[in-house]
Each structure stands twice: as structure tokens, then as C-alpha cells.
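Chemist: As numbered in the working numbering, residues 1 to 359 make up the sequence shown, in order. Each residue gets a CB set at the ideal place from its N, CA and C atoms; glycine is no exception. Before we start, here is the structure in question, set down as C-alpha cells.
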Amino acid sequence: MQTPSRRWRISLATWLGLILLLAAFGLVGLALRSHAGDGSANAQSAPSKATFRAVAVAHVDVEGGITSLYPLKPGRVVQVWAVEGKEVEGGAKLFRMEDTVEKVQVEEARIDLDAAKEKVEHAKRLVVQHEKTVAAYRAAVEVPKKDVEAARAIRAKANRYQKSEVLGGSKEDVAAAEASLEKAEAAVKAAEAKLASVEAVDPQSAVRLANLELEAKKMQKEKADFALEQCIVKAPLKGTVLRSQVQVGEVLGPSPRQPALLFCPSGPRIVRAEVEQEFANRVSLGQIARIQDDATGNGDWRGKVTHVSDWYTHRRSVQLEAMQFYDVRTLECLIKLDPDAKGALRIGQRVRVTLEGKE
């Protein structure tokens with residue numbers, strides 16, 4: 001059994017604990033009321049619009065982005081000129097594919113084109129020949145016409161002789177003269193029919209057909225030249241080969257898993273920032289941007305927002321980045337660096353962008 005003195009000590013400790021707990025609640029309530037009063041006073045004295053900072057993870061890029069190069073047709077790589085990190089002019093040769101078939105096709109197209117040109121010249125010569133043929137047939141018509149005139153004269157003479165008792169013409173002479181006249185007239189009709197058939201031929205149609213064939217052969221030659229030209233992959237414009245992923249002897253198929261070359265066009269570097277939809281309403285044109293390396297925090301580049309996208313979409317980058325969510329909508333904005341920005345920003349460098357503005 002507990003003694004009375006021990007029971008009294010336990011009761012005293014309990015009451016002291018309750019008193020301390022009530023005192024603590026009272027102090028917390030006073031502190032809350034005090035902060036509430038301070039907050040109302042600060043709200044009255046603070047400006048209506050407060051400054052803020054929006055932070056976004058971004059990467060360094062160029063206008064238009066990196067270009068992936070790959071040949072139009074599958075085949076074997078026979079020569080590589082591309083050197084990683086070397087700047088080249090637009091149109092510079094980067095690598096060449098096997099082109100034996102394309103060269104044969106170019107030669108075939110050249111021969112067909114020469115034959116088509118010869119057909120055009122032959123058609124033009126046929127026009128001249130046709131004109132001469134028509135002239136000859138027209139002259140040939142005149143010969144039976146003269147025979148008709150002579151036969152008519154003979155028939156008239158035979159008729160006079162038959163009617164004259166002195167000359168003593170006979171019916172047989174008249175009949176022979178009639179037959180000669182009919183023969184001459186038939187010869188005229190035959191000559192005129194031949195002339196009509198010759199004149200009905202349009203020699204210019206052959207020229208037109210030959211010219212059409214010539215145009216078709218020219219197109220075939222252009223197609224063959226284009227196919228041969230595409231066997232050499234060239235730089236689309238001035239820039240730098242970032243990565244070469246082809247070697248001599250490698251066979252490139254029709255369904256590539258990766259580009260043959262990664263090409264960066266020359267031009268000013270930009271920063272491509274992707275702002276999550278939650279903070280997108282804080283982005284506007286002309287905002288000042290501070291840029292730092294995301295991995296080390298070093299660097300202090302400045303720029304301005306020059307473009308804000310008009311649509312929300314997923315992140316442009318397909319690489320999995322640490323500390324980034326890929327199931328959110330983002331708004332892309334482009335930042336142009338100040339001309340006096342010191343230090344080099346490399347393509348693909350991941351940076352942290354701090355945008356400053358007003359709510």
C-alpha cells in the first residue's frame with residue numbers, strides 16, 4: 001500500500017503537469033494572435049504585386065535544333081570525309097555511298113537523251129522531205145491533166161473526121177479517142193488522190209512527239225543525276241559535325257535505328273527552357289533570364305525570353321533526366337543570350353534558368 005505522503009507527491013506532480021500544459025497552450029495562442037496582427041499590418045504596407053522567381057531546367061540549342069543526317073537510299077558506305085568537331089561550309093561532302101548502279105543509270109539516261117535529240121532532228125528533216133514530196137505530187141498531177149487535154153483534142157479531131165465525107169473518119173477512131181480521154185481523166189483523179197493523201201499527213205506531229213520524248217528523256221536524266229548526287233551526303237548548310245556514326249564498309253539499311261551524322265548548324269546559341277504548366281502563366285516575352293550550369297551551379301549568363309510557345313506538350317528531350325517529371329505538360333520558351341555573355345555554352349548542356357518578373 002502507498003503511504004499518504006507518496007500519494008500526495010503524485011497528486012502534486014499531476015497538477016503541476018496540467019498547469020504547465022495549459023500555460024504552453026496559452027503562449028501558443030498569444031503567438032498566433034501576434035503573428036496574425038503582424039501579417040495584417042504587412043499586408044497593408046506591402047505592394048499589390050510581389051516579385052517572384054520562376055526556375056526551369058533547360059538545355060542549350062541552336063535555332064532549328066540539331067539536324068540528323070542519313071542517306072536517302074540504303075547501301076554501303078565507301079568513303080567518309082566527316083570529322084567530328086570540324087566546322088564545314090554548306091554543301092561540303094560528309095560521306096559517300098556505293099554508287100555503281102547510279103552511275104550506270106546516268107549513262108543509260110544520257111544515251112537515251114542523245115537518241116531522243118537525234119529523233120527530233122530526224123523529225124525536222126522529215127518536215128522538209130514532206131514539203132518536197134507534196135511539191136512533187138502536185139507536179140505529177142499536171143502530167144495527166146496535159147494528157148486529158150491531148151485526149152480531148154484527139155477526140156474532137158476524130159469526131160470531125162467522122163462527120164466529114166472527104167476525110168473519111170470512122171466510129172472506131174472516135175471510140176479510141178474517147179477511151180484515151182477517159183484514161184487520162186482517171187490518171188488525173190489518181191494523181192489528185194495521192195496528192196491529197198500526202199497533204200493529209202502532218203509532219204509537225206512527228207516533231208511534237210519527238211520533242212515530248214526528248215523532254216521525258218531529260219527528266220529521266222535529271223532523275224538519274226539526282227540519284228547519283230544523293231549517294232554523297234552533304235552538309236545542308238554551314239555547321240559542325242557533332243557526332244559521326246558511320247564507317248567505311250558499313251551497310252546502312254532502310255529503317256535506321258540512329259542517324260548517320262548529328263549536324264549542328266552554325267549560328268548563335270539559344271537556351272530552350274520547358275516550364276511546367278503550373279508556372280507557365282508567369283512567363284512572358286522580354287523577361288530577364290539568368291542562366292547557370294545545372295550540374296555545378298557555375299556560370300552566370302544573361303538573356304531574354306524571345307519566344308513563348310502557343311501550346312502545352314510533353315518535354316522535347318527523350319532522355320531520362322534526373323529529378324524531372326515526364327508526365328506533366330510543359331510550355332517551351334526560347335531565351336536569346338546577351339551579346340556580351342562571357343564563357344562558352346555547349347550544345348546540349350543542361351542549365352538552370354531563373355526567370356524574374358511580376359505576378
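Could you pull the start and end residues of the beta strand (DSSP E) that residue 233 belongs to?
Modeler: Residues 232–234.
Chemist: Going by beta carbon distance, what residues of the same chain come within less than 7 Å of residue 34, once the five residues before and after it are set aside?
Modeler: Here residue 34 scores only 42 on pLDDT, less than 50, and its place in the model is too uncertain to base an answer on.
Chemist: Per the contact definition of three or more C-beta pairs closer than 8 Å, is the region 67–82 in contact with the region 293–302?
Modeler: Short answer: they don't touch.
Chemist: Less than 8 Å between the CB atoms is what I'm expecting for residue 77 and residue 201, so what's the real figure, rounded?
Modeler: That pair is no contact at about 57 Å.
Chemist: So is residue 204 buried or exposed if we call it buried at 16+ other beta carbons inside 10 Å?
Modeler: Result: exposed.
Chemist: Would you call the region 264–273 and the region 333–351 in contact, with 3 or more CB pairs under 8 Å?
Modeler: They touch, by the three-pair rule.
Chemist: Unbroken alpha helix (DSSP H) runs of length 4 or more, entirely within the region 50–128: which are they?
Modeler: Segments of the alpha helix (DSSP H) lying fully in the region 50–128: there are none.
Chemist: What residue from 59, 307, 97 and 64 has the CA that sits closest to residue 229's CA?
Modeler: Ranking 59, 307, 97 and 64 by Cα distance to residue 229 puts 97 first.
Chemist: Among 188, 56, 354 and 301, which residue has its Cα nearest to the Cα of residue 346?
Modeler: The option with the nearest alpha carbon to residue 346 is 301.
Chemist: Run through the region 262–288 for me and flag every whole beta strand (DSSP E) of 3 or more residues, listed as ranges in chain order.
Modeler: List check, beta strand (DSSP E) in window: 269–276.
Chemist: Taking the beta strand (DSSP E) that residue 244 belongs to, which residues open and close that run?
Modeler: Per DSSP, residue 244 belongs to the beta strand (DSSP E) from 239–244.
Chemist: Looking at the unbroken beta strand (DSSP E) that takes in residue 309, where does it start and where does it end?
Modeler: Unbroken beta strand (DSSP E) run through residue 309: 301–313.
Chemist: If you draw a straight line from the C-alpha of residue 177 to the C-alpha of residue 119, how long is it?
Modeler: Straight-line Cα distance between these residues: approximately 52 Å.
Chemist: Helix, strand or coil: how does DSSP classify residue 351 here?
Modeler: Three-state result, residue 351: strand.
Chemist: What three-state label does DSSP hand residue 340 in the structure shown?
Modeler: Three-state DSSP puts residue 340 in coil, outside helix and strand.
Chemist: Taking the CB atoms as reference points, tell me whether residue 136 and residue 220 lie closer together than 7 Å.
Modeler: Cβ distance not < 7 Å, so residue 136 and residue 220 don't count as in contact.
Chemist: Would the region 54–74 count as touching the region 223–237 if we require 3 or more Cβ pairs under 8 Å?
Modeler: The region 54–74 is in contact with the region 223–237.
Chemist: Here's the rule: buried if 16 or more other CB atoms are within 10 angstroms of the residue's CB, otherwise exposed. What is residue 100?
Modeler: Exposed, by the Cβ-count rule.
Chemist: Count the other CB atoms within 10 Å of the CB of residue 356; is the residue buried (16 or more) or exposed (fewer)?
Modeler: Flag for residue 356 reads exposed.
Chemist: Quick check on DSSP: helix, strand or coil for residue 330?
Modeler: Residue state, collapsed to three classes: strand.
Chemist: On the DSSP bridge assignment, give the partners of residue 208 in chain order.
Modeler: Partner(s): none; residue 208 has no beta bridge.
Chemist: State the Cα-Cα distance for the pair residue 267 and residue 237, rounded to the nearest angstrom.
Modeler: Distance between the alpha carbons of residue 267 and residue 237 is about 11 Å.
Chemist: Which residues mark the beginning and the end of the alpha helix (DSSP H) in which residue 195 is found?
Modeler: Run containing residue 195: 171–200, per the alpha helix (DSSP H) assignment.
Chemist: Do residue 312 and residue 331 have their C-beta atoms within less than 7 Å of each other?
Modeler: Yes. Within cutoff.
Chemist: Please list, in chain order, all residues of the same chain as residue 251 whose beta carbon is under 8 Å from its beta carbon, the five residues on each side excluded.
Modeler: These residues qualify, in order along the chain: 74, 75, 76 and 77.
Chemist: Taking its Cβ as the centre, do 16 or more other Cβ atoms sit within 10 Å of residue 217, making it buried, or is it exposed?
Modeler: By the neighbour-count rule (16 or more Cβ atoms within 10 Å), residue 217 is buried.
Chemist: Going by the DSSP bridge assignment, what does residue 335 pair with across the sheet?
Modeler: Paired residue(s): 271 and 305.
Chemist: Just how far apart, CA to CA, sit residue 59 and residue 352?
Modeler: Answer to the nearest angstrom: the Cα atoms are 8 Å apart.
Chemist: Tell me the DSSP secondary structure of residue 248 in three-state form.
Modeler: The answer is coil: DSSP assigns residue 248 none of H, G, I, E or B.
Chemist: Within 10 angstroms of its Cβ, does residue 310 collect 16 or more other Cβ (buried), or is it exposed?
Modeler: Exposed: under 16 other Cβ atoms inside 10 Å.
Chemist: Label residue 90 either buried or exposed according to how many other C-beta atoms from any shown protein chain fall within 10 Å of its C-beta, with 16 as the threshold for buried.
Modeler: Burial call: exposed.
Chemist: Have a look at 64, 95, 123 and 305 and flag the residue whose alpha-carbon is nearest the alpha-carbon of residue 210.
Modeler: The residue with the shortest Cα to Cα distance from residue 210 is 123.
Chemist: Helix, strand or coil for residue 293? Go by DSSP, reduced to three states.
Modeler: Residue state, collapsed to three classes: strand.
Chemist: Look at the alpha carbon of residue 189 and the alpha carbon of residue 162, and state the distance between them as a whole number of angstroms.
Modeler: Spanning the two alpha carbons is a distance of roughly 30 Å.
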